[in-house]
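Participant: Take 1 as the starting number for the sequence shown in my numbering and just add one per residue.
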Amino acid sequence: MARPTKNIEEKQSEVLRFRCTPSEKNSIQEKSSQVGLSLSDYMRAMALDGQIKIQQSKYDFELVHQLKKLGVNINQQTKKLNATGVIPIELKRVLPKLEELLDQLLEDV
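(1) Could you pull out every residue in the same chain whose Cβ sits closer than 8 Å to the Cβ of Leu101, ignoring the five residues on either side in sequence?
(2) Can you tell me whether Ser13 is buried or exposed? The criterion is at least 16 other CB atoms within 10 Å of its CB, across all chains shown.
(3) For Ser32, which residues from the same chain have a beta carbon less than 6 Å from its beta carbon, with the 5 sequence-adjacent residues on both sides left out?
(4) Suppose you measure from the CA of Val15 to the CA of Gln51; what does that come to, to the nearest Å?
(5) So for Pro88, helix, strand or coil by DSSP?
(6) Considering only residues of the same chain and omitting the five flanking positions on each side of Val94, which have a CB-CB separation below 8 Å?
(7) Would you call the CB atoms of Leu98 and Pro88 closer than 8 Å?
(8) When the Cα atoms are used, what is the spatial distance from Leu106 to Val86?
(9) How would you write the range of the alpha helix (DSSP H) that Ile28 sits in, first residue to last?
(10) Hey, would you say Ala45 sits closer than 8 Å to Leu37, going by beta carbons?
(11) Let's see if you can read the secondary structure: which residues bound the alpha helix (DSSP H) around Leu48?
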């Protein structure tokens with residue numbers, strides 16, 4: 001399915017250029033990648049709004065990564081539980097870690 005065509009007012013057809021030093025360029029590029037935006041989106045947001053609203057911090061990404069790893073572990077241990085009928089020791093160890101990570105995530109929200 002093709003993307004719908006934009007109105008003339010919605011098309012980003014105009015180009016703005018400005019000069020900066022190499023260190024300023026590197027700094028701007030680093031900031032845009034820290035907030036997860038393309039350089040164009042970052043510059044547009046800064047020029048129009050003067051600020052960038054960061055959706056998630058790096059801390060959140062680390063917690064989400066840890067939760068994914070625990071989820072995989074829980075899935076493996078649950079398969080063992082279903083196969084044997086005995087709760088694996090690893091499952092008992094994972095649950096407190098999971099509760100701790102969820103508490104940390106809820107504190108940040």
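Here a beta-carbon is modelled for each residue, glycine too, at the ideal position from N, C-alpha and C.
Facilitator: In short, the structure shows the following:
(1) For the purposes of this step, residue 101 is taken as residue 101 along the sequence shown, with counting starting at 1. Hits under 8 Å: Leu63, Gln66, Leu67 and Leu70.
(2) The sequence position of residue 13 within the sequence shown is 13, counting from 1. Ser13 should be labelled exposed.
(3) In the sequence shown, counting from the first residue as 1, residue 32 sits at position 32. Closer than 6 Å at Cβ, skipping near neighbours: Leu39 and Tyr42.
(4) The count along the sequence shown starts at 1 and reaches residue 15 at position 15. The count along the sequence shown starts at 1 and reaches residue 51 at position 51. If you draw a straight line from the Cα of Val15 to the Cα of Gln51, it is about 21 Å long.
(5) Translated into the one-based positions of the sequence shown, residue 88 becomes position 88. Of the three classes helix, strand and coil, the one that applies to Pro88 here is coil, per DSSP.
(6) What you label residue 94 is simply residue 94 of the sequence shown in a count that begins at 1. Hits under 8 Å: Leu70, Asn73, Ile74 and Gln77.
(7) Here residue 98 corresponds to residue number 98 of the sequence shown, with the count starting at 1. Here residue 88 corresponds to residue number 88 of the sequence shown, with the count starting at 1. Against a cut-off of 8 Å, the Cβ pair of Pro88 and Leu98 comes out as no contact.
(8) Counting from 1 along the sequence shown, the entry for residue 106 is found at position 106. Counting from 1 along the sequence shown, the entry for residue 86 is found at position 86. Val86 has its alpha-carbon roughly 31 Å from the corresponding atom of Leu106.
(9) For the purposes of this step, residue 28 is taken as residue 28 along the sequence shown, with counting starting at 1. Unbroken alpha helix (DSSP H) run through Ile28: Pro22 to Gln34.
(10) The residue you call residue 45 lines up with position 45 of the sequence shown. The residue you call residue 37 lines up with position 37 of the sequence shown. The Cβ atoms of Ala45 and Leu37 lie closer than 8 Å to each other.
(11) In the sequence shown, residue 48 corresponds to position 48, counting from 1. From DSSP, the alpha helix (DSSP H) with Leu48 extends over Leu39 to Asp49.
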